[in-house]
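Visitor: Protein chains in written order, with the UniProt record's numbering: chain C, 1 to 128; chain Z, 1 to 128.
Quick one: structure below, then a few questions.
2 protein chains.
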Amino acid sequence: MATFRLSRRLRSQRALDTMSDAQFAVLATLKGHGPHTLGELAERERVTAPSMNRTVNCLEEAGWITRTPDETDRRKVNIEITTQGRELVAETVRRRDMWLAQVVADLTPSQRRTLARAAAIMSEVAAR
Amino acid sequence: MATFRLSRRLRSQRALDTMSDAQFAVLATLKGHGPHTLGELAERERVTAPSMNRTVNCLEEAGWITRTPDETDRRKVNIEITTQGRELVAETVRRRDMWLAQVVADLTPSQRRTLARAAAIMSEVAAR
DNA sequence: TATTGTTATACTCTATAACTATA
DNA sequence: TATAGTTATAGAGTATAACAATA
Numbered sequence: 001m002a003t004f005r006l007s008r009r010l011r012s013q014r015a016l017d018t019m020s021d022a023q024f025a026v027l028a029t030l031k032g033h034g035p036h037t038l039g040e041l042a043e044r045e046r047v048t049a050p051s052m053n054r055t056v057n058c059l060e061e062a063g064w065i066t067r068t069p070d071e072t073d074r075r076k077v078n079i080e081i082t083t084q085g086r087e088l089v090a091e092t093v094r095r096r097d098m099w100l101a102q103v104v105a106d107l108t109p110s111q112r113r114t115l116a117r118a119a120a121i122m123s124e125v126a127a128r
Numbered sequence: 001m002a003t004f005r006l007s008r009r010l011r012s013q014r015a016l017d018t019m020s021d022a023q024f025a026v027l028a029t030l031k032g033h034g035p036h037t038l039g040e041l042a043e044r045e046r047v048t049a050p051s052m053n054r055t056v057n058c059l060e061e062a063g064w065i066t067r068t069p070d071e072t073d074r075r076k077v078n079i080e081i082t083t084q085g086r087e088l089v090a091e092t093v094r095r096r097d098m099w100l101a102q103v104v105a106d107l108t109p110s111q112r113r114t115l116a117r118a119a120a121i122m123s124e125v126a127a128r
């Protein structure tokens, strides 16, 4: 329950209210891990290809990403984040960091250490 | 990021694949905190009344909840979880607990203490 | 023939605006 | 007149099935 609550609270801190979680997740992946094909994005987000295609369409229309046909395998399409897309992700991260910084400032050093250790364990657990 | 990852992983453990998160959240609220009016549910889930109305419609058609006009204020509708609804929530909680139990079994006692402490801090933080 | 991306279709969640019934 | 719930309508995410282009 604590995980669900905190997740929801963090998610509410974003740069653009109009952008959905699904869209932002794709944008964050592209910014953090470079260009991906549609299939790679779909697999990474555990979503079907048509679903990811729709999300990517929205991002493309808004100018946050670009589609480029792959040179070597013409079936593939390389999806890349634009400069504006990068800035949007950065701004959202800044907001979340600001919110977290305020919250963490009120915690004791011991509580901070606990959260840091827990984060590592939680990531490990979620990967199973 | 750890919070988002774990949240997603936990959410994937449910009794009915066909039930959405929004529907399950309402059901869990009704089971844990008793009957609510439509407006109360909407406010609690931070969603508009029409949106909640639609979710409640689906739950009612499926037999997980019942609608009953309020006796004292006829504008209001009391929404209550059914016996089957209770069982569905219980089953989902069982599944999540089973998954968590398996995961936690592989952790050290120190790691478990860290997660327990972190959960309390995270809940507190999310409430701000 | 298999793979990659796309389109067609359908259902749920979300919202705002407008409407009904009740207070 | 204000409030609680509902319906109308529209946009986005999700899915499966079917299709086009390419390997």
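Ideal Cβ positions, reconstructed from N, Cα and C, are used throughout, including at glycine.
Verify whether the separation of the beta carbon atoms of residue 120(Z) and residue 118(C) is less than 7 Å.
Guide: no
Visitor: I'd like to know if the region 14-23 of chain Z and the region 86-100 of chain Z are in contact, where contact means that at least 3 CB-CB pairs between them fall below 8 Å.
Guide: Touching, per the Cβ criterion.
Visitor: Compare the beta carbon distance of residue 68(Z) and residue 53(Z) with 7 Å and say whether it is the shorter of the two.
Guide: no
Visitor: For a test of the three-state rule: what should DSSP assign to residue 114(Z), helix, strand or coil?
Guide: The three-state reading of DSSP puts residue 114(Z) in helix, counting H, G and I together.
Visitor: Using the C-alpha atoms, what's the distance from residue 44(C) back to residue 56(C)?
Guide: 14 Å
Visitor: Taking the beta strand (DSSP E) that residue 80(Z) belongs to, which residues open and close that run?
Guide: 77-81
Visitor: Going by the beta-carbon positions, is the gap between residue 96(Z) and residue 126(C) smaller than 7 Å?
Guide: Taking 7 Å as the cut-off, the beta carbon of residue 96(Z) is found no closer than this to the beta carbon of residue 126(C).
Visitor: Have a look at residue 51(C) and residue 39(C) and give me their C-alpha separation to the nearest angstrom.
Guide: Looking at the backbone, the Cα of residue 51(C) and that of residue 39(C) are separated by about 11 Å.
Visitor: Can you give me the start and stop residues for the beta strand (DSSP E) that residue 69(Z) sits inside?
Guide: 65-69
Visitor: Return helix, strand or coil for residue 18(C), following the three-state DSSP convention.
Guide: coil
Visitor: According to the neighbour-count rule (16 or more other Cβ atoms, all chains shown, within 10 Å of its Cβ), is residue 23(Z) buried or exposed?
Guide: Burial call: buried.
Visitor: Could you check whether residue 80(Z) and residue 109(Z) sit closer than 7 Å to each other, using their CB atoms as the reference points?
Guide: no
Visitor: With a CB to CB cut of under 8 Å and the five nearest residues on each side skipped, what residues in its chain are close to residue 112(Z)?
Guide: 104
Visitor: Helix, strand or coil for residue 92(Z)? Go by DSSP, reduced to three states.
Guide: helix
Visitor: Does DSSP classify residue 72(Z) as helix, strand or coil?
Guide: coil
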